[in-house]
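Only one structure is covered here, and it is reproduced in the block below.
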Amino acid sequence: MTPEVTPEIVAKHGLSPEEYARIESILGRAPNFTELGVFSVMWSEHCSYKNSRPELRKFPTEGTRVLVKAGEENAGVIDIGDGWAVAFKIESHNHPSAVEPFQGAATGVGGIIRDIFTMGARPVFSMNSLRFGDIRGEEGAANRRLFAGVVAGIAHYGNCIGIPTIGGEVYFDDSYAGNPLVNAFCLGILRHEQIARGAATGVGNPVFYVGAETGRDGLAGAAFASRDLTEESKEDRPAVQVGDPFREKLLLEACLELLASGCVAGIQDMGAAGLTCSTCETASRGGTGVEIDTEKVPKRETGMTPYEILLSESQERMLVIVKKGQEGQVKEIFEKWDLPYSEVGVVNDDGLMRVKEGGRVVVEIPARALADEAPVYVREAAPKPPPHPSDSKKLLADIPEPDAAGIHSALETLLKFPSIASKRWVWRQYDHMVRLGAAVLPGSDAAVFIVREANKILAATTDCNALYCRQDPREGARIAVAEAARNLACSGAVPLAVTDNLNFGNPYRPENFLQLREAVEGLAEACRQLGVPVTGGNVSLYNESPSGAIDPTPTVGMVGLIEDAAHITTQAFQNPGDVIFLLGSPGSEIGASHYLLAVHERKAGAPPALDFSREMAVHEALRTLIRKGMVRSAHDCSEGGLAVALAESCLAGPAPLGATISLLPDTTERTDVMLFNESQSRVIISVPEDHADKVSELLSECGIPWTRLGTVTDQPSLNIRLRKDAEYSWNTEHLQHLWNNTIEEIMEG
Amino acid sequence: MKVGVVRFPGSNCDQDCVVALSQFPGMSAEILWHKEDTVAGFDAIILPGGFSYGDYLRCGVSARFSPVMGAVKDFAAAGGPVLGVCNGFQILCESGLLPGALVRNRDLRFICEHTHLRVERTDTPFTRAASSGQILRIPIAHGEGCYFADNDTLRDLREHGQVLLRYSDERGYLSQETNPNGSRDNIAGICNRERNVFGLMPHPERACDPLLGSTDGRVIFQSLLS
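As given, the protein sequences belong to chains A and B, one line each in that order.
All residue numbers for the first sequence refer to this note's numbering, where the first residue is 875 and numbers rise by one.
All residue numbers for the second sequence refer to this note's numbering, where the first residue is 6 and numbers rise by one.
Given below as structure tokens:
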């Protein structure tokens, strides 16, 4: 017995009375209970982007390298030359991870991997961007549990399936307490001619279901992801799916073999909204209809209703549209890989998504209207608040300039601040070496991966300073793009394209919607200036816990190409005697800095201002030097400013090196501002001594400000001299211990 | 020399082994599907790393029942060289081709990092190109790589010179700090008494390319070839 559709039932499905009226007009009748469920998941924010779509249209999506554009398919595809291409995307699994961190994160990884091999690409590496509440102290216990669970879940899935997790970022801030962010990125490699489409083409072609049996897990997870988290969310635990990386490994190998066989007309994974989404989207893209029978769907539980089968988000399942007459070959491949499969339906020409239960029609909905004609809302944005103050003097008015001991402890505080401290405890749990590609170990400015089958070297990074975005979403988003590009430049790469994960609070609150709009416009502008397209991504709204919305977090995933293995560069100083240069100006902006946050516990001030032409000039200068073989290490200045960047370059190698630095600027700047300001477009490099003069000459020709800072030493000591009366010295062995072990000590107690 | 690299469902270092082996002149490598019941035509067999059958029950325990393992056992009994890396080592122990067992790491977490290994014996087809006491820098990547055997078995292994690799520091010194996973006696790799079956937790195939930071794994494959 299916329940009657009442206004209460409609509301419970998260559909407004207006949306319900629209459903009635599409169908020309009232929907039944199952159809209502189908509309509710397809028109959830997670599937339809109904509250963000008008904003997403602002992104630049065109480019000479773009082979598959944002929104066309499961992931964008970018040309990398010689007939090879990459498919990549980032996607959130925030709410499931909040409720069940291990499985939530694991299935997030599984989902993004499926998005990539659905495109016909072989997934070659993963990354992630993670955010949790503060893990320190007694009150951090719940956040430590989430952090440990998420990392273990990512490790479980990625290690087992054999796709290396080679980089990412982890931040800790109380705005994420109770609502962690788990954004998973995956990249795959394919030949241009291998691009697979998620379209149900060819009337009469059979529709196959392959992969794990359908259960009641993850029921309507897409709708769950599109609500605020509350105290009662724990009761939503059935909305979290359970992952089986072994099954996915078999599915991955079978699908790539299947696609290579030429038997496939279309293929689509069953991710959010499961069987519902895959049938109506393939039909919509193919301009066809798809008819399936729920009785033929492999099930792991008895007594499942069509409603449950259609809305289940059981993992590791695919929908494959097979060219008629080639069913035999397809079955042979499924059987080779011991995968459950079933012919569940057929492509037809009536434009309908029709679901039968045996002989009885239970759903009949125009596929295109369901998939592509979800309501679109332009939400109300709050008026822009006045900008935060940017003058460092004002921001520090009530903070006395620290003495030598104060400066000394400030750097230590920053290096052991969990967001800055080394994430070795995290990436040691990820198999980052499988597939023989990790040319740079995790923890440097960008991950670098050798794609052996294509003879290409890729660099990739995920970046977002959410504190900047909190204080100014537009500038913060611009900086996220600039920093990602800077990290790629520091690794020796040229940026190719961007995927983004927009993590925000409930869009019905005007102040949250303003953040979303400002951030999108900032990202779009920065991508245009950089000349890189956005190839897709994910929107995660409703990131709220009982204590309020998260800091706005538009995470940028950027992929670049390294032309020559000799250009691969890391952040670690390599050689005593090398000369250290600062590319960019010494800077003076302390607003929204981690110095204010970690040392003085304030989120205050405007983020630093970004001058994009300066930014690009610094990248170009850096790449020029790298191409000439003059650079031994490169590291950008980000959280914690110049002092933290210098320290990290000393500490990042296996044994710490030292450095002797002399800044001696002709300013009256405060010492804390000189050391810890976060002005943008700055990179620290080290170069062999005999190249130093030539490097000075080339940097002057590039028209960017630069400073010769000092030299790398073999003594375990970082010495910085700012003025005659301001000299500081840190033992780098001690700093390395703090930086390397802080997170491990917090987590292992 | 033609090497068969077995692909179990869930193997994920099979292709890496093929890539690493193909760098050696005179060596060719082919994937061997686990449903095959013969290894005829191969001069050596590698059981690669990964998570065979998901390793949900116990690492390597399901793979021993794959059809190919009967043929691998016969091949080993006839003196053919068999190398098990990581999950392959676990499968060799589960199959009874090597003594002992691999259990969860001391700190209960998966560990992926470079380790230093001391070569203990060079009188085997897998280590003969190395020098005794040589230190190799080769990465590990496992959650269940803690080698365990009872005291009698350990004594037996020592007496017969079956411990081929131990976790050490870069100078060859052994301690609990240089033992990443709590293995008994710092054991990283052992062979059978006949010296033609070798299992190790570290991944030599990941240390064959200077771009990946070490080429110390080559000596294992070079030994096999010589």
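We treat Cβ as the ideally placed atom computed from N, Cα and C, and that holds for glycine.
query: Outcome for G1219 of chain A when other beta-carbon atoms lying within 10 angstroms are tallied against a minimum of 16; result: buried
query: Beta strand (DSSP E) runs wholly inside the stretch 1282-1353 of chain A, at least 3 long, in chain order; result: 1321-1325, 1330-1337
query: Below-8 Å beta-carbon distance, D1438 of chain A vs any chain B residue; result: no
query: contact_flag[the stretch 16-34 of chain B, the stretch 1044-1051 of chain A] where n(CB pairs < 8 Å) is 3 or more; result: no
query: Closest by C-alpha distance to A1543 of chain A, when choosing among A:D1564, A:H1474, A:E1463; result: The question names Ala, but residue 1543 of chain A is Glu in the sequence shown. The option with the nearest alpha carbon to E1543 of chain A is A:E1463.
query: The stretch 1406-1413 of chain A in contact with the stretch 917-932 of chain A per 3-pair CB rule at 8 Å; result: yes
query: Partners in chain B for Y1304 of chain A, counting only beta-carbon separations shorter than 7 Å; result: C117
query: Continuous beta strand (DSSP E) stretch holding L1592 of chain A: start and end; result: 1591-1597
query: Residues, ordered as in the chain, of the stretch 908-942 of chain A that lie near chain B by beta-carbon distance below 7 Å; result: none
query: Where the alpha helix (DSSP H) containing W1580 of chain A begins and where it ends; result: It is not in any alpha helix (DSSP H) - W1580 of chain A instead sits in the beta strand (DSSP E) that spans 1580-1587.
query: C-beta neighbour in chain B for F1208 of chain A, strict 8 Å; result: no
query: Within-8 Å CB hit, R1326 of chain A to chain B; result: yes
query: Chain-order list of residues whose beta-carbon lies under 7 Å from that of F1208 of chain A (same chain, five-residue window excluded); result: V1084, A1128, Y1215
query: Residues that DSSP places opposite T1429 of chain A in a beta bridge; result: A:N1375
query: CA nearest to the CA of A1241 of chain A, picked from A:A1051, A:V912, A:N1053, A:Q1115; result: A:V912
query: Under 9 Å from the C-beta of R988 of chain A: neighbouring residues of chain B; result: Per Cβ cutoff of 9 Å: no residues; R988 of chain A is ~17 Å from chain B at best.
query: Distance between L141 of chain B and T132 of chain B (C-alpha atoms, nearest Å); result: 11 Å
query: Cβ neighbours of L1615 of chain A in the same chain (closer than 6 Å, five flanking residues each side left out); result: Per the sequence shown, the amino acid found at residue 1615 of chain A is Asn instead of Leu. Nothing meets the Cβ criterion.
query: Backbone CA spacing between R114 of chain B and N1339 of chain A [nearest angstrom]; result: 30 Å
query: Minimum Cβ-Cβ distance from L230 of chain B to chain A less than 8 Å; result: no
query: Chain A contacts made by the stretch 135-148 of chain B, where a contact means CB separation under 8 Å; result: P144, A146, G148
query: Whole-angstrom distance between D1346 of chain A and A1423 of chain A, CA atom to CA atom; result: 15 Å
query: L1213 of chain A beta carbon less than 8 Å from that of L1124 of chain A; result: yes
query: Residue-chain proximity (L52 of chain B, chain A), Cβ-Cβ < 8 Å; result: no
query: Within 8 Å of chain A by C-beta, residues of the stretch 157-183 of chain B in sequence order; result: none
query: CB contact check: C1343 of chain A to chain B, cutoff 8 Å; result: no
query: Closer than 8 Å to chain B by CB, R1010 of chain A; result: no
query: C-beta neighbour in chain A for R223 of chain B, strict 8 Å; result: no
query: Environment of V1322 of chain A [buried if 16+ CB atoms lie within 10 Å]; result: buried
query: Coarse secondary structure for K1170 of chain A, derived from DSSP in three states; result: helix
query: Limits of the unbroken beta strand (DSSP E) element including E1238 of chain A; result: 1234-1240
query: Assigned exposure category for L1390 of chain A - 16 Cβ within 10 Å defines buried; result: buried
query: Partner residues on chain A for N110 of chain B, Cβ-Cβ distance less than 7 Å; result: Those within 7 Å of N110 of chain B in chain A number zero; the least Cβ separation is about 11 Å.
query: CB of P104 of chain B within 8 Å of CB of S228 of chain B, strictly; result: no
query: Close beta carbons around G1089 of chain A, own chain, < 6 Å, minus the five adjacent residues each side; result: R1174, E1175, S1188
query: A1371 of chain A vs R931 of chain A beta-carbon contact at 8 Å; result: no
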